[in-house]
Amino acid sequence: MNRAIIEVTVKNKYEKSFQKGYPLIHKDAIVENELEGKEGAILHLKSAHGKWIAKGYYGIQNKGIGWALTIDQQVDIDVSFFKQKLEKALSKRKSFFTDPNTTAFRVFNGEGDGIGGLTIDYFDGCYLMQWYSLGIYSYKEEVLEAFEQVVDYQAIYEKKRFDHKGQYIEDDDFVKGTRPTFPIIVKENGMHYAVYLNDGAMVGIFLDQREVRQAIREKYANGKHVLNTFSYTGAFSVAAALGGARKTTSVDLAKRSKPKTVEQFEVNGIDVAVQDIVVMDVFDYFKYAKRKGFTFDMIILDPPSFARSKKRTFSTAKDYPMLLKEAVAILEEDGFIVASTNNASFGMNKFKGFIEKAFREMNASYKILEEFSLPADFQTISAYPEGNYLKVVILQRTS
Ligand code: SAH
């Protein structure tokens, strides 16, 4: 394929960051250029004086307009480039491939592995490629060719996450190979999860929470009544139940969450009858629980960064303290809160500030027991700290 090459001028103040390996090309970082409609074009980033800076591609995401791929002028963005990136990424995940107790993990994490806009996850022999812009998707043939040179697979599925708002485009998502029977039952530290690669934007489990699920199971859940809010398929509830929770209550407003959660319990041999699965807006549930006088020993908060329902919009950056206050109001004396967010727009310090604020306003005290960010398979680079979007704090209420 003959690709357009476009020279773009990087504004002065952004030059240094690209030289240090900052990968994201912000709209503001370059001097206006006619790029519209040229998704996938190779960008040659140069200084105002025409000095070479880096090579990247044009692909619009909500974060920026493309990614720098190399500072080496001689490197071509071709099959061998992708092959080399894939090989390096795969070699970093060797210990995951050989772990018999975990069969689902990320093998390629976008800019963390050298190609912003593309992630690849492994699910027991099948792979899921996620393309975050039309620009990166235009490299699909090259990426697949490289991939097939370095990986044996049963099937490849994909998610195209690049219509105008970085949303998922509906499709059956099969790319190549032999279709497995869904669900695929993957293992994660010995727990089981049902995964569907062919059924919508989300596959049934968020792999980045692996360490948090393990901590809940091993250290915190035993004997507890656990409230799991924004529970989706109940992955945290499964971990809690397997960790000896007395009971779990999972709350999500999506109707599909109920059968999905039942399925996750069942594939783990957990008695569903003792678990509560509630299809309800979380904020209505808090009101209901307060009215009924329900309290919990452990409350898990893992909301989407932004959610709009019929009744309200919720934005973690604005509303997290309020969410925490609702949780504190129904938390037992020595109870635990697992506070999680995947919002990349703020860091751990600000997140801890939300916790501080919520407890102060509730006249309650707490101590932080543990903190988590992305696990090792979600490789990140120091030049791009905002790529480590996950922040999880496990805290205990103190008296
Ligand atoms: N914690 C989950 C992932 C959450 S995904 C896990 O570990 O797997 C976000 C979920 O929040 C979605 O299932 C969505 O249906 C739900 N959701 C969004 N807004 C909600 C609200 N106001 N009340 C209840 N659930 C909500």
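Heads up, the sequence shown is in the numbering used here, so the first residue is 398 and it goes up one at a time. Don't be surprised by glycine CBs; every beta carbon is placed ideally from N, CA and C. A quick note: this is a predicted structure, and the numbers were derived from the prediction, not measured.
From the DSSP output, in three-state form, read off residue i for me.
| i | result |
| --- | --- |
| A780 | coil |
| L525 | strand |
| A741 | coil |
| E436 | coil |
| S414 | helix |
| R794 | strand |
| Q609 | The displayed chain sequence assigns Val, not Gln, to residue 609. V609: helix per DSSP, three-state reduction. |
| F683 | helix |
| V635 | helix |
| S706 | coil |
| M588 | strand |
| R688 | helix |
| M695 | strand |
| D716 | helix |
| I512 | coil |
| S535 | coil |
| V669 | helix |
| R400 | coil |
| S762 | strand |
| G750 | helix |
| N409 | helix |
| R643 | coil |
With a 10 Å radius around its C-beta and 16 neighbouring C-beta atoms as the bar for buried, classify residue i as buried or exposed.
| i | result |
| --- | --- |
| T710 | exposed |
| S628 | buried |
| P700 | buried |
| P782 | exposed |
| S654 | buried |
| P580 | buried |
| P656 | exposed |
| A401 | exposed |
| Q564 | exposed |
| I566 | exposed |
| S706 | exposed |
| S647 | buried |
| T777 | buried |
| A651 | exposed |
Take residue i and list the residues in its own chain whose beta-carbon comes closer than 7 Å to its own, dropping the five residues that flank it on each side.
| i | result |
| --- | --- |
| S796 | E730 |
| Q661 | Y590, A591, T630, G631, A632 and V635 |
| N498 | K584, N586 and G587 |
| A724 | I696, L698 and I734 |
| F493 | T499, F502 and D774 |
| E484 | V547 |
| T575 | Q551 and A552 |
Could you name the residues of the same chain whose beta carbon sits closer than 6 Å to that of residue i, not counting the 5 residues immediately before and after it, in chain order?
| i | result |
| --- | --- |
| M745 | K788 |
| G511 | K482 |
| K754 | P718 |
| I533 | G456, G514 and L515 |
| V500 | The sequence given here has Thr at residue 500, not Val. Hits under 6 Å: D521, V583 and K584. |
| M526 | I517 and E555 |
| K573 | I553 |
| T495 | none |
| M759 | K722 and V725 |
Can you check which of these residues, the options, is closest to residue i by C-alpha distance?
| i | options | result |
| --- | --- | --- |
| H622 | D596, V671 and E660 | V671 |
| K689 | A726, A780, D425 and E539 | A726 |
| V405 | I468, E429, D570 and N740 | E429 |
| R503 | D668, G620, G640 and L487 | L487 |
| L531 | V472, N619, A438 and I581 | A438 |
| K708 | E508, E436 and D678 | D678 |
| H423 | S742, V407 and A401 | V407 |
| L766 | G784, I778, A741 and A736 | A736 |
| S801 | S712, K537 and G509 | The question about residue 801 has no answer, for the chain in this structure spans 398 to 796. |
| Q793 | V472, I613 and S414 | I613 |
| D469 | I450, D475 and Q776 | I450 |
| V540 | F493, F478, Q551 and D570 | F478 |
| V600 | D694, N625 and T658 | T658 |
| A714 | A618, G750 and F691 | G750 |
| F505 | G597, F775 and G784 | F775 |
| A773 | G509, H441, E431 and L432 | G509 |
| L771 | S647, F603, F494 and D681 | F603 |
| E431 | I403, F415, G447 and H446 | I403 |
| F703 | V790, D673, F691 and N739 | N739 |
| N619 | G666, G641, A598 and F691 | G641 |
| A761 | K417, G784 and G732 | G732 |
| S578 | F769, T626, D570 and Y593 | Reading off the sequence shown, one finds Thr at residue 578, where the question assumed Ser. Comparing Cα-Cα distances from T578 to each of F769, T626, D570 and Y593, the minimum goes to Y593. |
Using a Cβ-Cβ cutoff of less than 8 Å, which residues in the same chain neighbour residue i once the five nearest sequence positions on both sides are dropped?
| i | result |
| --- | --- |
| W528 | G514, L515, Y534, K537, E555, K556, K557, R558 and F559 |
| Y763 | I734, I752, F756, L792, Q793, R794 and T795 |
| S382 | Lying outside 398 to 796, the shown extent of the chain, residue 382 is not represented and no answer is given. |
| E663 | V669 |
| K644 | H622, V623, V671, Q672 and D673 |
| K417 | A780 |
Decide if the segment 456–466 is in contact with the segment 541–550; the criterion is three or more beta carbon pairs, one per stretch, under 8 Å apart.
Verdict: no, contact absent.
Contact between the segment 635–649 and the segment 606–613 (3+ Cβ pairs under 8 Å):
Flag = yes, the segment 635–649 and the segment 606–613 touch.
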